[in-house]
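Residues in the sequence shown are numbered from 33 upward in steps of one, following the working numbering. One structure is given below, encoded as structure tokens.
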Amino acid sequence: MDPSSATSESKANFEDQFNIMWSEDHFKTSEDGQVWYLSLDKETGCGFQTKQRYRFGWFSMKLKLVGGDSAGVVTAYYMCSENGAGPERDEVDIEFLGNRSGQPYLIQTNVYKNGTGNREMRHMLWFDPTKDFHTYSILWNNQQLVFFVDKVPIRVCKNNGKPNNFFPNEKPMYLFSSIWNADDWATRGGLEKTDWKKAPFVSSYKDFSFDGCQWVDPYPKCVSTTTDNWWDQYDAWHLSDSQKKDYAWVQRNLVIYDYCKDTERFPTLPEECSLSPWD
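This is the structure:
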């Protein structure tokens, strides 16, 4: 499973692939159009979304996060089956939680099925995500959903192959990114507030690429498991040996919170917690 060798991978021009969701005046591009900037100030943040929906595939973007004191600021990079946060939505979330200067950024992931989330994990990163661009990717097929940071798998969600209430595999999703103020919860549970004197807060993006099944109503051929595409072949249904080593290292060193280990919150652990990412 090597997404970098994917032949049909598509590099996106912003206008071709995305629409601004809100605050067009808070969105800028570099002169050559290859780097995109979203900014947050006291008035508003900004967000964009893909024009197309997808069901299964590989989705990847390079991000450089807000530097310095970014307490209260959240940069979100996620997939969702709806434009709004509807009650029945499926969603795959990556959120970068800002910090007071010098403290490590946390990356929070979550998975929603039919409007129900509560599947949070939090990780530390092994680098400073504000100093340079790093690649954040999602692999999604009917067998597993894997979150990658620079090709290192940090979280694996498995499907059990039966109808269930935890693995989002039925609804096509748009891909979004946004920057917004979440100082009621994002930094130390809301204790650290956004310092608006430091605004605007700017996150940077480039090199969106995807290799996936673009949704065509009523039902595109590529969503059935035909194994025509690398992202839906046997090798992409499991972590490779080298990915397992990386994943084990992440589990040992970088996990801050895992809902599957929170027995206080879940006296009976959710069903999906028994599925092994190693299989």
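Using N, Cα and C, we set each Cβ at its ideal position, and we do this for glycine too. This structure is a prediction, so every number in the text was calculated from the model and none was measured.
If you look at tyrosine 279, you'll find it isn't in any beta strand (DSSP E); it sits in the alpha helix (DSSP H) that goes 273-285. Within the same chain, and ignoring the five residues on either side of glycine 100 in sequence, the residues whose Cβ sits closer than 7 angstroms to its Cβ are Ser133 and Lys230.
Taking C-beta atoms as the reference points, glutamine 49 and phenylalanine 233 fail to come closer than 8 angstroms. If the five residues before and after alanine 108 are omitted, its C-beta is found closer than 6 angstroms to the C-beta atoms of Glu127 and Ser210, all from its own chain and listed in chain order. Under the three-state reduction of DSSP output, glycine 89 falls in the strand class. Taking the Cβ atoms as the reference, methionine 153 lies roughly 6 angstroms from tyrosine 289, within the contact range of under 8 angstroms.
Nearest C-alpha to lysine 238 among Phe199, Lys60 and Asp227: Lys60.
About 21 angstroms separates the Cβ atoms of phenylalanine 180 and lysine 145, ruling out a contact at the 8 angstroms cut-off. Leaving aside the five residues that flank tryptophan 310 on each side, the residues in its chain whose CB is nearer than 8 angstroms to its CB run, in chain order, Leu271 and Lys276. The region 153-162 makes contact with the region 133-142, as at least three CB pairs between them are under 8 angstroms. Contact check for valine 124 against isoleucine 170 passes: the beta carbons are separated by less than 8 angstroms. Residue state for tryptophan 269 is assigned as helix, using DSSP reduced to three classes. DSSP places aspartate 239 in the uninterrupted beta strand (DSSP E) bounded by 233-246. Of the other Cβ atoms in all chains shown, 16 or more fall within 10 Å of the Cβ of arginine 85; this residue is therefore buried. The alpha-carbon of glutamate 296 is positioned some 35 angstroms away from that of histidine 166. Glycine 104 and threonine 226 do touch by the CB rule: their CB atoms are close to 3 angstroms apart, below 8 angstroms.
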